[in-house]
Amino acid sequence: MKINNRLKTIGDLVPLSSYPLDIGCDHALLSIYLVKEKGLSKTVASDNKSGPLKKAKENVKFYKVSDKVKLLEAEGLDSYTKGIDTITISGMGGLNINKILDDNKKYLKNIDTLILSPNNYSLAVKRKLLKLGYHIENETLVKERNIIYEILVFKKGRKYYSYKKLFLGPILMTKRDNVTKEYYQNLLNTKKSLLNALPKSFRNKIRLTKKEIKYLEEML
Ligand SMILES: C[S@@+](CC[C@H](N)C(=O)[O-])C[C@H]1O[C@@H](n2cnc3c(N)ncnc32)[C@H](O)[C@@H]1O
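Taking our numbering, the leading residue of the sequence shown gets 170, the next gets one more, and so forth.
Here it is in structure tokens:
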């Protein structure tokens, strides 16, 4: 089936024996990929808008997987279904992802794995997941149409990370490939622009940004 590299990478990180829920599924391509190409027996795909779900319904029918992909119109984790143990959320802002998880924390007790790909605020997402009792198991970058996407895999269980490790990414900082270097370079440029724009009175933010610039320069 046709699926972009970003969604395929997310799909390939989903445990094969899991029962996953994709929140913000849009056209449900990730869930269809999981049952059609990865052999998962069932998945749930949800979105809070009817437009994308209409297309999702057509896709599920087209790929003949209506019996394996359950589609739900729901806000965030309201689509939680008994037995779900893995959640994927991608293509949304990090603060929206955090809100979705915060609003329905009660369901997280059953969730072993979260695969999250925020469009921004990834540090805030990492901090939120640590607070919710998860640790970082994997970090992957995918470059598509000149945009670098971050994909974070969280597993249940607490772990301590220094600010430096959390900021750079405990797994990402061990990688030396070109996309990782470009990711750090982009972040360095953003932090340098921020430093130039910060008013002198923002002393703590200036101190933190200088520290982050130092960490990034060490990586490059
Ligand atoms: C940009 S699309 C990303 C689709 C797909 N996950 C991907 O990565 O390509 C974001 C989708 O999330 C849905 N969405 C945004 N906020 C949501 C929420 N709070 N609950 C459920 N769906 C949401 C939108 O309707 C939209 O279809």
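Virtual Cβ for every residue (Gly too), placed ideally from N, Cα, C.
For residue j and residue i, the rounded distance between their alpha carbons
i: residue 385; j: residue 349; result: 11 Å
i: residue 172; j: residue 260; result: 14 Å
i: residue 358; j: residue 351; result: 10 Å
i: residue 196; j: residue 301; result: 29 Å
i: residue 366; j: residue 379; result: 13 Å
i: residue 256; j: residue 389; result: 33 Å
i: residue 290; j: residue 208; result: 33 Å
i: residue 424; j: residue 308; result: Any property of residue 424 remains undetermined from this structure, which presents the chain solely from 170 to 389.
i: residue 224; j: residue 216; result: 11 Å
i: residue 347; j: residue 201; result: 31 Å
Cβ distance (whole Å) where residue i is taken to contact residue j below 8 Å
i: residue 182; j: residue 198; result: Actually they do not touch by this definition, with Cβ atoms about 15 Å apart.
i: residue 305; j: residue 340; result: 7 Å
i: residue 276; j: residue 246; result: 5 Å
i: residue 317; j: residue 310; result: 5 Å
Residue range of the unbroken alpha helix (DSSP H) whose run includes residue i
i: residue 312; result: Not the alpha helix (DSSP H): residue 312 falls in the beta strand (DSSP E), residues 303–313.
i: residue 248; result: It is not in any alpha helix (DSSP H) - residue 248 carries neither H nor E in the DSSP assignment.
i: residue 358; result: 347–366
Which of helix, strand or coil DSSP assigns to residue i
i: residue 389; result: coil
i: residue 242; result: strand
i: residue 378; result: helix
i: residue 421; result: The chain is shown only over 170 to 389; residue 421 falls outside these bounds and no answer can be derived.
i: residue 185; result: coil
i: residue 234; result: coil
i: residue 256; result: strand
i: residue 192; result: strand
For residue i, the first and last residue of its enclosing beta strand (DSSP E)
i: residue 214; result: 212–216
What residue ranges within the segment 266–345 form continuous beta strand (DSSP E) runs of no fewer than 3 residues, ordered along the chain? 282–287, 303–313, 316–325
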